[in-house]
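Worksheet for the structure shown next.
There are 2 protein chains.
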Amino acid sequence: MIQKLTEHDREKLQESLATSGQKVTAQREIVFAVLLAKRDHPTVEDVFQRARESMPGLSLATVYNCLETFVGCGLVRQVNHERESTRYCPNLAPHAHFRDEATGHVHDIELPPEIIQSLRSILPPGFNSETIEISFRGRSQETTARSTSN
Amino acid sequence: MIQKLTEHDREKLQESLATSGQKVTAQREIVFAVLLAKRDHPTVEDVFQRARESMPGLSLATVYNCLETFVGCGLVRQVNHERESTRYCPNLAPHAHFRDEATGHVHDIELPPEIIQSLRSILPPGFNSETIEISFRGRSQETTARSTSN
DNA sequence: TTGCAAATTGGAATCATTCCAACTCATTCG
DNA sequence: CGAATGAGTTGGAATGATTCCAATTTGCAA
Ligand SMILES: [Mn+2]
Ligand SMILES: [Mn+2]
Ligand SMILES: [Zn+2]
Ligand SMILES: [Zn+2]
Numbered sequence: 002m003i004q005k006l007t008e009h010d011r012e013k014l015q016e017s018l019a020t021s022g023q024k025v026t027a028q029r030e031i032v033f034a035v036l037l038a039k040r041d042h043p044t045v046e047d048v049f050q051r052a053r054e055s056m057p058g059l060s061l062a063t064v065y066n067c068l069e070t071f072v073g074c075g076l077v078r079q080v081n082h083e084r085e086s087t088r089y090c091p092n093l094a095p096h097a098h099f100r101d102e103a104t105g106h107v108h109d110i111e112l113p114p115e116i117i118q119s120l121r122s123i124l125p126p127g128f129n130s131e132t133i134e135i136s137f138r139g140r141s142q143e144t145t146a147r148s149t150s151n
Numbered sequence: 002m003i004q005k006l007t008e009h010d011r012e013k014l015q016e017s018l019a020t021s022g023q024k025v026t027a028q029r030e031i032v033f034a035v036l037l038a039k040r041d042h043p044t045v046e047d048v049f050q051r052a053r054e055s056m057p058g059l060s061l062a063t064v065y066n067c068l069e070t071f072v073g074c075g076l077v078r079q080v081n082h083e084r085e086s087t088r089y090c091p092n093l094a095p096h097a098h099f100r101d102e103a104t105g106h107v108h109d110i111e112l113p114p115e116i117i118q119s120l121r122s123i124l125p126p127g128f129n130s131e132t133i134e135i136s137f138r139g140r141s142q143e144t145t146a147r148s149t150s151n
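Chains as they are written, first to last, in the working numbering: chain A, 2 to 151; chain B, 2 to 151.
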């Protein structure tokens, strides 16, 4: 069962939707809450399963709709790796993605601004890019990185 | 009609295939020639159309098979942008891709080694990446960049 | 020749995503 | 209050790229 949105997050949702003339609905609240609850870059199907625990009548089409709406108003990013299902990420800070081939897990990799700058600088004159996407593929020592483990 | 492979390119094809125990076939030669002839990152369907001009009986399944084989033995790279059809690129030098949203064209962007290095360096310890993919999205002033234009 | 394994082929199956027409629901208007 | 309106939701059908499969065909080797 998904935690309700905090007041702060609900406001962010409300305001982002408002700027593109859209409203908060029960479905959108839950889908957004699902994304914030577990930032593991879930697929649409993942989101659907998790959201249904709180709202059994929710439809897959609506999950697609909500996610598209969120992407449209800049609340979440789409993450694509090769030909796999699209995943969704509510981390708005500039970051790259690392896809672990062994587990399928996708991790956020912080992107220092100077790297973004140097990347922009390799574009020949006349090329104006709105978006840069960087994705790594490989293996990671899936250490669950709790400070005190074992 | 597609130009035949140069002796040099045919050898590259032959050797790359050989290292994974596979043979040169008429279909593979043509598909490879199509990729080399126009380096515009064609889709499977593009390749299919172009190759059929030289070999009318060629099947779409075979184009998929050939391209998969080439990717497997490192002769070409797959290029994915968002959810669009996969494109194929025979440029083996390290490079990024720029997708022009206005035209749909995909351009190669040279990647200086020091950028690749700095990108690798942002990975936290324990993350080993075999592949880095960088793609830009935006507009370009589609100047056909002939030295003497007009 | 004959036999074999690899490659090719056409068509069916898959599956993520998109489309659509009917339905629901909140809000506005009389 | 009701009815009208419009956004949002829903289930199911349609789409389209890719994969799968079983039946040939091919190129070599015995
Ligand atoms: Mn993980
Ligand atoms: Mn171009
Ligand atoms: Zn992310
Ligand atoms: Zn390329």
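Don't be surprised by glycine CBs; every beta carbon is placed ideally from N, CA and C.
Predicted model, so just to flag it, every value in this text is computed and none were measured.
Backbone secondary structure at residue i - three-state DSSP
| i | result |
| --- | --- |
| Val107 of chain B | strand |
| Thr44 of chain A | strand |
| Asn159 of chain B | What the structure shows of chain B is the stretch from 2 to 151, and residue 159 of chain B is not part of that stretch, so it cannot be assessed. |
| Arg140 of chain A | strand |
| Ile123 of chain A | coil |
| Arg88 of chain A | strand |
| Val25 of chain A | coil |
| Val32 of chain A | helix |
| Thr7 of chain A | coil |
| Val77 of chain A | coil |
Closer than 8 Å to chain A by CB, residue i
| i | result |
| --- | --- |
| Ser148 of chain B | Any reading at Ser148 of chain B needs caution, since the residue's pLDDT is 38, under 50, leaving its predicted position unreliable; the model's value is listed next. Not closer than 8 Å to any Cβ of chain A, the Cβ of Ser148 of chain B fails to qualify, so no. |
| Arg84 of chain B | yes |
| Ile117 of chain B | no |
| Leu112 of chain B | yes |
| Glu134 of chain B | yes |
Rounded separation between residue i and residue j - CA only
| i | j | result |
| --- | --- | --- |
| Asp10 of chain A | Ile31 of chain A | 12 Å |
| Arg53 of chain B | Leu59 of chain B | 6 Å |
| Ile123 of chain B | Ile110 of chain A | 7 Å |
| Leu61 of chain A | Glu134 of chain A | 27 Å |
| Lys5 of chain A | Glu143 of chain A | 30 Å |
| Ser148 of chain A | Pro126 of chain B | In this predicted model, Ser148 of chain A has a pLDDT of only 38, less than 50, meaning its place in the structure is not dependable; the value taken from the coordinates is given anyway. C-alpha separation (whole angstroms): 15 Å. |
| Val35 of chain A | Thr132 of chain A | 26 Å |
| Phe137 of chain B | Ser119 of chain A | 13 Å |
| Ala97 of chain A | Arg121 of chain B | 11 Å |
| Cys25 of chain A | Asn129 of chain B | Here residue 25 of chain A turns out to be Val, not Cys, going by the sequence shown. Distance between the alpha carbons of Val25 of chain A and Asn129 of chain B is about 41 Å. |
| Phe49 of chain A | Leu14 of chain B | 46 Å |
| Asp47 of chain A | Asn92 of chain A | 17 Å |
| Pro57 of chain B | Arg51 of chain B | 10 Å |
| Gln84 of chain A | Phe71 of chain B | Here the sequence assigns Arg to residue 84 of chain A, which means Gln is not the residue at that position. Straight-line Cα distance between these residues: approximately 17 Å. |
| Thr7 of chain A | Phe33 of chain A | 11 Å |
| Arg40 of chain A | Arg78 of chain B | 30 Å |
Below-8 Å beta-carbon distance, residue i vs any chain B residue
| i | result |
| --- | --- |
| Asn66 of chain A | no |
| Ser141 of chain A | yes |
| Ile31 of chain A | no |
| Gly75 of chain A | no |
| Arg138 of chain A | yes |
| Glu46 of chain A | no |
| Gly58 of chain A | no |
| Ser182 of chain A | This structure cannot settle anything about residue 182 of chain A, because the visible part of chain A is limited to 2 through 151. |
Proximal residues to residue i (C-beta, below 7 Å), its chain only, five neighbours per side dropped
| i | result |
| --- | --- |
| Arg88 of chain A | His42, Pro43, Thr44, Val80 and Val107 |
| Glu102 of chain B | Arg138, Gly139 and Arg140 |
| Ser55 of chain A | Met2, Ile3 and Ile31 |
| Pro95 of chain A | Leu112 and Ile117 |
| Thr63 of chain A | Gln28 |
Distance between beta carbons of residue j and residue i, contact taken as under 8 Å
| i | j | result |
| --- | --- | --- |
| Ala38 of chain A | Ile3 of chain A | 5 Å |
Cβ neighbours of residue i in the same chain (closer than 8 Å, five flanking residues each side left out)
| i | result |
| --- | --- |
| Cys74 of chain B | Ser17, Leu18, Thr20, Ser21 and Gln23 |
| Ser86 of chain B | Thr44, Val45 and Glu46 |
Residues of its chain near residue i, where Cβ-Cβ distance is below 6 Å and the 5 sequence neighbours each way are ignored
| i | result |
| --- | --- |
| Glu12 of chain B | none |
| Arg100 of chain A | His82, Val107 and Arg138 |
| Leu68 of chain A | Tyr89 |
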